[in-house]
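Only one structure is covered here, and it is reproduced in the block below.
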Amino acid sequence: MTVPKKFSRFRDVMEETKKSGAAIYKNPGGSNDLVVLSPYSVNYIHSYAQDSEFFLGLAEGKLLGSECKNCHTKYATPRSHCMNCGHETKWFNLPLEGRVHSWTTCYFGSEEFLKETPFNLVLVEFDGVDSLLLSRLVGPKEDEIFIGMRVKAEFRKPARYLISDVHFVPATEKTSRRKRKN
Amino acid sequence: MPGQRKVYAISGGVTKFAKAHSEMDFRLMVKRAYDYAMEDVPKLKPSDIESSRISYFSDHFARQLKAASMVQDFLGLNPRDSRRIEWGGATGGQAIQAGWETIASGRNDVCLVAGFETMSHVETWKGNEFIALASDTNFDYPVGGFYTGYYALMVQRHIYEYLRKKKFSKIRDEREAQHAATKEAKRVMAMVSVKNHINALHNPYSQYPEKLTIAEALGRELIAYPLNRSSICTMSDGAAVMILASEETAYKYTDNPVLISGVGCGTDTMRLADRPQGKVPRFAWETEEDYSGLKYPGVHSFRAGRTAALEAYKNARIHNPLEDISFVELHDAYASSEIQTYEDIGLCRYGQGYEFVDQGHPFMKNIDYGLRLAHAGTMPVNPSGGLIACGHPVGATGIMQGVFAFWQLQNTIKKHFGDDTLQVKGARRGLIHSHAGTGSAVTVTILERV
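As you go down the protein sequences, you meet chains A and B in turn.
If you count the first sequence from 1, you need to add 1082 to reach our numbering.
Note that our numbering numbers the second sequence so that position 175 is 169, with each residue one more than the last.
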């Protein structure tokens, strides 16, 4: 902590923060209000718990969905218990190809992902599955994407055990047919 | 609503929303709005307030746990009953309903509903991150957590369901058809932005009054396709309060109270990906054929909003919102969600939202927008300028809507705005609508002139 200073540039405030742990400065508006800028970071520990299997699956190039043991609702994003009947679900392998259910291209975002802009978000639908999966679509530009477009999953190697271990790319009609035969 | 006491709004106040209020902390912001409300009902003494419901959304922005206790403390309301209300973007609407409940139940006669948010405490990028933490942090956030992105995904599907499949169904080439549909949607969303910014020219509490044109609105920076800067609300600092009272006490303090005649709330899955593909919960005037083949809500509509409206209309005995309601203040965090909400709350059928705007229904009759509108002003929506023009300090937003609706129904807009352009003439009932993260919770509250 330091005595109040006047900073002409925000960059200088950040410099001061690095040096002294925090910067205290007078409101640039000219009033006497004191502004404190202090960094804030934590190590946060949490478990994927009942959804862990899904993330382990990503590392093996598998997309695991949840199927209700009772009413057989199929979820593309894991749910350990069915939202329709409350029963436990079991894991099943989702197809690795699906279609764009909806999409957008983000030109702006949260701090963590700013450096990745522009990026495409897609909700992917799979044949015979009742819910969707939120992912990124890598490759095509805004004017090339459309609802109904066929897409296939690709996996990050080595895995980081994040949902971003999977993303989608356009599937050509040829690969779609081959996959279906298999 | 049977079996409970009537609840009235007797006063309100707003501390103007701003990008940052470095001269006031959250307590003083609330105090300013509170003092304004108290001055408006001089017979009411602070000692008459029996309880408070205090709302703010994010501990991350506040970086002060139990900030609501500090508000209670600052206002000098200890040791009376109080609690914090949090329900994402619908925090303000929920706080009003929580205040309503404590009076309807007979527990209290006078309750203060107060809300605030201090979003200037972090940079915009970090703020986006904090807001995105209100999406599933295992499955949604790490993909690129960004709320404008989520709403863009929702409106893209809305455009597909209702413009691509209907108005543009004759175009054979899929990409060309979707492109044409989106272009049309962007034009209509720009109309909503123009409406809200121009309305705001007459609201001294707004942050972004602007004589905006369609061309200017369309030309603004793209944030997440197809949403651009003119169609998105901004993070802000601000506060708002309402004072609610039971029937027997309301008239002790004012001869111009406003009845809260209906409350409703609905919810939906946190993840967009999990939204069901079922049937529309219908209003009495809708038929099954209206929606044959429609998978609902999917990601294109807000089932929580429909559910909230169904409950509120039942309680307020609203049979035809277009006739029974005089104006709407709804949660236009995005121009797209304003259009989607018209349909949820039954101002038009699902799929007719774009046409509803194009024909001019949600505009003010007496304002020149530089647009040709066939049916201007049949149902003014966001006469205040809404979130797009006033800003969105989350915990205060829903209460601000309540205050504006209260003033409309008291016929006191001129007194509080210094301008009566936005006064909806002869307003009998108003609807306020508060909406949380991607539609995971929505409240609808009906206020009524007495």
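Backbone N, C-alpha and C fix where the C-beta goes; we use that ideal spot for every residue, glycine too.
Short CB-CB distance (under 8 Å) between residue i and chain A
i: residue 140 (chain B); result: yes
i: residue 262 (chain B); result: no
i: residue 448 (chain B); result: One cannot answer for residue 448 (chain B) here, as it falls past the ends of chain B, which runs -5 to 444.
i: residue 268 (chain B); result: yes
i: residue 151 (chain B); result: yes
i: residue 146 (chain B); result: yes
i: residue 165 (chain B); result: no
i: residue 126 (chain B); result: yes
i: residue 66 (chain B); result: no
i: residue 217 (chain B); result: yes
i: residue 17 (chain B); result: yes
Bounding residues of the alpha helix (DSSP H) (the contiguous stretch that carries residue i)
i: residue 297 (chain B); result: 297 to 310
i: residue 384 (chain B); result: 380 to 384
i: residue 242 (chain B); result: 241 to 247
i: residue 423 (chain B); result: Counting along the chain, residue 423 (chain B) falls outside any alpha helix (DSSP H), though it belongs to the beta strand (DSSP E) covering 423 to 430.
i: residue 258 (chain B); result: Note, residue 258 (chain B): premise wrong, no alpha helix (DSSP H); beta strand (DSSP E) at 252 to 261.
i: residue 1245 (chain A); result: Looking at the DSSP string, residue 1245 (chain A) is not in any alpha helix (DSSP H), and its letter there is neither H nor E.
Bridge partner(s) assigned by DSSP for residue i
i: residue 79 (chain B); result: B:49
i: residue 1163 (chain A); result: A:1170
i: residue 1107 (chain A); result: A:1087, A:1117
i: residue 1179 (chain A); result: A:1234
i: residue 1218 (chain A); result: A:1203
i: residue 1185 (chain A); result: A:1204
i: residue 275 (chain B); result: Looking at the DSSP assignment, residue 275 (chain B) forms no beta bridge with any residue, so it has no partner.
i: residue 232 (chain B); result: B:111
i: residue 1252 (chain A); result: A:1233
Residue i vs residue j beta-carbon contact at 8 Å
i: residue 266 (chain B); j: residue 1205 (chain A); result: yes
i: residue 385 (chain B); j: residue 236 (chain B); result: no
i: residue 329 (chain B); j: residue 382 (chain B); result: yes
i: residue 1186 (chain A); j: residue 143 (chain B); result: yes
i: residue 331 (chain B); j: residue 50 (chain B); result: no
i: residue 88 (chain B); j: residue 437 (chain B); result: yes
i: residue 403 (chain B); j: residue 441 (chain B); result: yes
i: residue 191 (chain B); j: residue 324 (chain B); result: no
i: residue 165 (chain B); j: residue 188 (chain B); result: no
i: residue 121 (chain B); j: residue 1195 (chain A); result: no
i: residue 268 (chain B); j: residue 1159 (chain A); result: yes
i: residue 342 (chain B); j: residue 302 (chain B); result: no
i: residue 30 (chain B); j: residue 239 (chain B); result: no
i: residue 175 (chain B); j: residue 153 (chain B); result: yes
i: residue 322 (chain B); j: residue 425 (chain B); result: yes
i: residue 285 (chain B); j: residue 182 (chain B); result: no
Integer Cβ distance of residue i from residue j, believed to fall under 8 Å
i: residue 1239 (chain A); j: residue 1179 (chain A); result: Actually they are not in contact, since the Cβ atoms of residue 1239 (chain A) and residue 1179 (chain A) sit about 19 Å apart, beyond 8 Å.
i: residue 1140 (chain A); j: residue 1237 (chain A); result: 6 Å
i: residue 378 (chain B); j: residue 197 (chain B); result: 5 Å
i: residue 1150 (chain A); j: residue 140 (chain B); result: Residue 1150 (chain A) to residue 140 (chain B), Cβ: 31 Å. No contact.
i: residue 387 (chain B); j: residue 111 (chain B); result: 4 Å
i: residue 224 (chain B); j: residue 195 (chain B); result: With 8 Å as the limit, residue 224 (chain B) and residue 195 (chain B) do not qualify as a contact, their Cβ atoms being about 15 Å apart.
i: residue 24 (chain B); j: residue 108 (chain B); result: 5 Å
Boundaries (first-last residue) of the beta strand (DSSP E) holding residue i
i: residue 1146 (chain A); result: 1146 to 1150
i: residue 105 (chain B); result: 104 to 112
i: residue 444 (chain B); result: Unbroken run through residue 444 (chain B): none, as it is neither H nor E.
i: residue 408 (chain B); result: Residue 408 (chain B) -> not in any beta strand (DSSP E); alpha helix (DSSP H) instead, spanning 407 to 411.
i: residue 267 (chain B); result: Neither: residue 267 (chain B) is in no beta strand (DSSP E) and is coded neither H nor E.
i: residue 4 (chain B); result: 1 to 12
i: residue 136 (chain B); result: Not the beta strand (DSSP E): residue 136 (chain B) falls in the alpha helix (DSSP H), residues 135 to 138.
i: residue 217 (chain B); result: 216 to 218
i: residue 321 (chain B); result: 321 to 323
Min CB distance residue i to chain B below 8 Å
i: residue 1096 (chain A); result: no
i: residue 1201 (chain A); result: yes
i: residue 1218 (chain A); result: yes
i: residue 1209 (chain A); result: no
i: residue 1186 (chain A); result: yes
i: residue 1229 (chain A); result: yes
i: residue 1106 (chain A); result: no
i: residue 1196 (chain A); result: yes
i: residue 1260 (chain A); result: Legend: pLDDT at residue 1260 (chain A) = 47, less than 50; position of this residue unreliable, no value from coordinates given.
i: residue 1083 (chain A); result: With a pLDDT of 48 at residue 1083 (chain A), under the threshold of 50, the modelled position of this residue cannot be trusted, and the question is left open.
i: residue 1175 (chain A); result: no
i: residue 1241 (chain A); result: no
i: residue 1263 (chain A); result: Residue placement at residue 1263 (chain A) cannot be trusted, given a pLDDT of 42 that sits under 50; the coordinates are not used to answer.
i: residue 1213 (chain A); result: yes
i: residue 1236 (chain A); result: no
i: residue 1117 (chain A); result: yes
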